[in-house]
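**Q**
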Amino acid sequence: MLVNTTVTFLIRPEILSLAAVLGVIYFMLPWAINYVQLRRLKTPTVDVPVINLHRKDFDGAAEHYLYHFKEILEQGYDRFKGLYNKGAFQVWGIDGYIVIVSPEYLEELNALGTDTLDFHSASQKRIIGDYEWLRIADELEAHTILTDLTRNIGNLLPNIHKEIEHALSTEWPSCPKWTPVKVWPSMFRTMALVISLMIVGPELSRDEHWLNTMISFVEDVFVGGWQLKKYSLFMRPIVARGLVPGIRRVWQHQENARRLIVPMISRRRAEKARAETAGEKYVKPQDMVYWLSEGAAKTLPPRSDANVAELCLMMNFAALHAATVTLTNIMFDLAARPEYIAPLRDEYSTAKAKYGGFTEKQAILVNSLSRLDSFMKESQRMNPGTLTTFSRLVRRDVQLSSGLVLPAGTHILAPAAMISLDGNVYKDPLQFQGFRFHDQRTADEDSMYAKQFTTTSPQQMHFGYGRQACPGRFFASAVIKCITMHILETFDLKLVDHEAGRPKNALKGAMNMPSETAEIMMVRRGSGK
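Throughout the sequence shown, residue numbering follows this note's numbering, covering 1281 to 1809 in sequence.
(1) Can you grab the Cα-Cα spacing for the pair R1676 / L1591, in whole Å?
(2) Work out the CA separation of M1594 and G1781 for me, nearest whole Å.
(3) With distance defined between alpha-carbon atoms, name the residue in G1367, F1338, A1598 nearest to G1683.
(4) Taking the C-alpha atoms as reference points, what is the distance between P1582 and I1644?
(5) Less than 8 angstroms between the C-beta atoms of M1698 and Y1357, yes or no?
(6) Between which two residues does the beta strand (DSSP E) carrying P1460 extend?
(7) Please return the same chain residues whose Cβ sits closer than 7 angstroms to the Cβ of L1426, not counting the five positions on each side in sequence.
(8) Comparing C-alpha positions only, which one of A1631, L1321, Q1370 sits nearest to I1692?
(9) Using a Cβ-Cβ cutoff of less than 8 angstroms, which residues in the same chain neighbour G1481 once the five nearest sequence positions on both sides are dropped?
(10) Please report the distance separating the alpha-carbon of K1462 from that of E1796.
(11) I'd like the span of the alpha helix (DSSP H) that includes T1493, first residue to last.
(12) Three or more beta-carbon pairs under 8 angstroms between the segment 1643-1663 and the segment 1727-1746, yes or no?
(13) Comparing alpha-carbon positions, which option in R1753, P1738, V1379 lies nearest A1391?
(14) Going along the chain, which unbroken runs of the alpha helix (DSSP H) with 4 or more residues stay wholly within the segment 1704-1736?
(15) May I ask you to list the residues that DSSP assigns as paired with R1672?
(16) Taking a contact to mean a Cβ-Cβ separation below 8 angstroms, would you say I1545 touches D1500 in this structure?
(17) Alpha carbon to alpha carbon, what distance is there between T1394 and R1415?
(18) Would you give the residue range spanned by the alpha helix (DSSP H) that Y1570 belongs to?
(19) DSSP three-state call for G1393: helix, strand or coil?
(20) Look at the Cβ atom of L1600, then the Cβ atom of M1793, and state whether they are nearer than 8 angstroms.
(21) Can you name, in chain order, every residue of its own chain whose Cβ lies under 6 angstroms from the Cβ of P1525, other than the five neighbours on each side?
(22) Have a look at G1340 and K1405 and give me their C-alpha separation to the nearest angstrom.
(23) Would you check if the distance between the CB atom of V1498 and the CB atom of N1596 is smaller than 8 angstroms?
(24) Nearest to T1630 by alpha carbon, out of Y1411, V1646, E1551, M1656?
(25) At the level of alpha carbons, what is the spacing between H1766 and F1655?
(26) Determine whether the beta carbon atoms of S1681 and E1387 lie at a separation below 8 angstroms.
(27) Where in the segment 1379-1456 do unbroken runs of the alpha helix (DSSP H), each at least 4 residues long, occur, reported from the N-terminal end onward?
(28) Decide if Q1711 is buried, meaning its Cβ has at least 16 other Cβ atoms within 10 Å, or exposed.
(29) According to the neighbour-count rule (16 or more other Cβ atoms, all chains shown, within 10 Å of its Cβ), is Q1748 buried or exposed?
(30) Which term fits A1688, buried or exposed, when burial requires 16 or more other beta carbons within 10 angstroms of its beta carbon?
(31) Please name the residue, chosen from R1547, A1555, R1528, C1762, that lies closest to I1610 on a Cα-to-Cα basis.
(32) Do S1496 and R1469 have their beta-carbon atoms positioned less than 8 angstroms apart in this structure?
(33) Secondary structure at A1368, three-state DSSP: helix, strand or coil?
(34) Roughly how many angstroms separate the alpha carbons of Y1306 and Y1511, rounded to a whole number?
(35) With burial defined as no fewer than 16 other Cβ atoms inside 10 Å of the residue's Cβ, what is the status of Y1347: buried or exposed?
(36) Taking R1804 as part of the alpha helix (DSSP H), name the residues at either end of that continuous run.
Take a look at the structure:
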């Protein structure tokens, strides 16, 4: 009797109907939510042309963005330069529309507050997608870099000098004769050692576990972001919690950093307390761990030591990749144009004789290298690491003086690479002139600071512009100069194949990467070749 009742219950039509409805809801709800989200995402909200979208082929437009963005940018810049046709255009990217604004808008946009134009949220979206599985930008980190790090560059230079010498002797081939050398891996490792010293100090900077953590973290943040973007908007918060390999590795790197750095902070805190109790002077460490931990204690509420460790990794993420891109491009340009090497060596020798090298702890030596500064700026102008900068997410509706309305949620960018190749901005813009900016500074004292590698303006945007310009550019400039001159003092350079020319950069979306596998020929100076 009980069995019959149970069977009857299970096959009652109303029960089957309810199960069917619930099943349909279970399988259809994610699809429906994703459909609504995509429909909203695909509806343009800014009244300017979408120049890479044709007949609503969004997949084709996204592919065009990935592999032909430079051509799209050139086309849009030429058509909408100035305030003609509202001075803006749109492209359909991987995650929606992006509005490219004319440089004529930059002063007006820069005057808006951070509650209107949000740099941090735009960085989050651009690098890791809409779901926040990692915090990319942080005010404490940016403030500490701009203040503590920048004002201590001179104090850091002697140890940076030693670290570069160590890297050149351990990470680079000896090159007793002309030897092909892969530039990117050698530069990446050299820059990693220098940045590691700046972040964690000599106590941990050469620790292989830490170095592997910081290097792998940079790679896996990009990998995790790309992997997550393959999923629908609805699924991203779900899969990000454990189904995306790159994200899992990033979280493991954070745990490794906490295990290494938190005990260091505790030891330093104990040493400081012991010194104060004994009436002794405590020698403050000169690194980001110390500066961040001091700043973290003053925030409301105070930040944890674990958060400081995470910020150290993010500092490394912001610095290591961008600096290596710039440095690798400089090496390719020097190998392709060896006529610049002798004047750069002469300038460095003169500066060392005048200022006494790095032993006197002074940044004035690297600041005096005007020709090298110019060469770096020209290399960056011709081959920037990214084609666009001034990434901002509009937080509340903005109406510009031209009448153009940018609704809340709009992602805007500036066409930095196109500005750098504009004949109205630079004479002979397609011609590489390594001492272009040195000559301008020499001819006009008023442009002494306006033409430096670290200067930002609506005509020089590769470090961004305005309040959110790259805070670490002053440190990066000093380190790149030091590494470049150490290499030029130690090696001669030339291309593997002069006929083939400079190794080509690889474009993917807005990223403009130097080849990671290309080689140049190097020989140690004085080796007899």
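We put the CB at the ideal spot given by N, CA and C, even for glycine.
**A** So, to answer that:
(1) Taken atom to atom, the span from the alpha-carbon of R1676 to that of L1591 is near 29 angstroms.
(2) When the Cα atoms are used, G1781 and M1594 turn out to be separated by approximately 36 angstroms.
(3) Nearest C-alpha to G1683: G1367.
(4) Their backbone Cα atoms lie some 36 angstroms apart in a straight line.
(5) Yes; because the gap between Cβ atoms is below 8 angstroms, this pair is in contact.
(6) Where P1460 is concerned, the enclosing beta strand (DSSP E) starts and stops at 1459-1462.
(7) Within the same chain, and ignoring the five residues on either side of L1426 in sequence, the residues whose Cβ sits closer than 7 angstroms to its Cβ are P1751.
(8) Here the closest residue by C-alpha is Q1370.
(9) Excluding residues up to 5 positions away in sequence, P1565, Q1566, D1567, V1569, Y1570 lie with their Cβ nearer than 8 angstroms to the Cβ of G1481 in the same chain.
(10) If you take the alpha carbons of K1462 and E1796, they lie about 8 angstroms apart.
(11) Segment 1488-1509, the alpha helix (DSSP H) holding T1493.
(12) With a cut-off of 8 angstroms, the segment 1727-1746 and the segment 1643-1663 count as touching, because enough Cβ pairs lie within range.
(13) Out of R1753, P1738, V1379, P1738 has the C-alpha closest to the C-alpha of A1391.
(14) 1716-1723, all fully within the segment 1704-1736.
(15) Under DSSP, R1672 forms a beta bridge with I1692.
(16) Contact flag unset, no.
(17) If I take the Cα positions, the gap works out to 17 angstroms.
(18) Annotation: the continuous alpha helix (DSSP H) that includes Y1570 extends over 1568-1576.
(19) Coil, per DSSP.
(20) Contact: no.
(21) Shown here for P1525: not one same chain residue has a beta carbon closer than 6 angstroms to its own, the five before and five after excluded.
(22) Taking the straight line from one Cα to the other gives about 21 angstroms.
(23) Yes; because the gap between Cβ atoms is below 8 angstroms, this pair is in contact.
(24) When each option's Cα is compared against that of T1630, the closest is V1646.
(25) Using only the alpha carbons, I get a separation of about 16 angstroms.
(26) Here S1681 is not near E1387, since their CB atoms are 8 angstroms or more apart.
(27) Listed in chain order, the complete alpha helix (DSSP H) runs (minimum 4 residues) inside the segment 1379-1456 are 1386-1390, 1399-1408, 1419-1424, 1433-1450.
(28) In the assembly as shown, Q1711 is an exposed residue. Its beta-carbon has fewer than 16 other beta-carbons within 10 Å.
(29) The Cβ neighbour count for Q1748, taken over all protein chains shown within 10 Å, is at least 16; the residue is labelled buried.
(30) Counting Cβ neighbours within 10 Å, A1688 comes out exposed, since fewer than 16 surround it.
(31) Looking from the CA of I1610, the closest CA among R1547, A1555, R1528, C1762 belongs to C1762.
(32) In this structure, R1469 lies away from S1496, with their beta-carbon atoms at least 8 angstroms apart.
(33) In the three-state DSSP reduction, A1368 falls in the strand class (E or B).
(34) In this prediction, Y1306 has a pLDDT of 49, which is less than 50 and means its spatial position is unreliable; what the coordinates show is noted afterwards. Between Y1306 and Y1511, the C-alpha separation is close to 18 angstroms.
(35) Answer is exposed; the Cβ neighbour count stays below 16.
(36) Element bounds for R1804: not the alpha helix (DSSP H) but the beta strand (DSSP E), 1799-1804.
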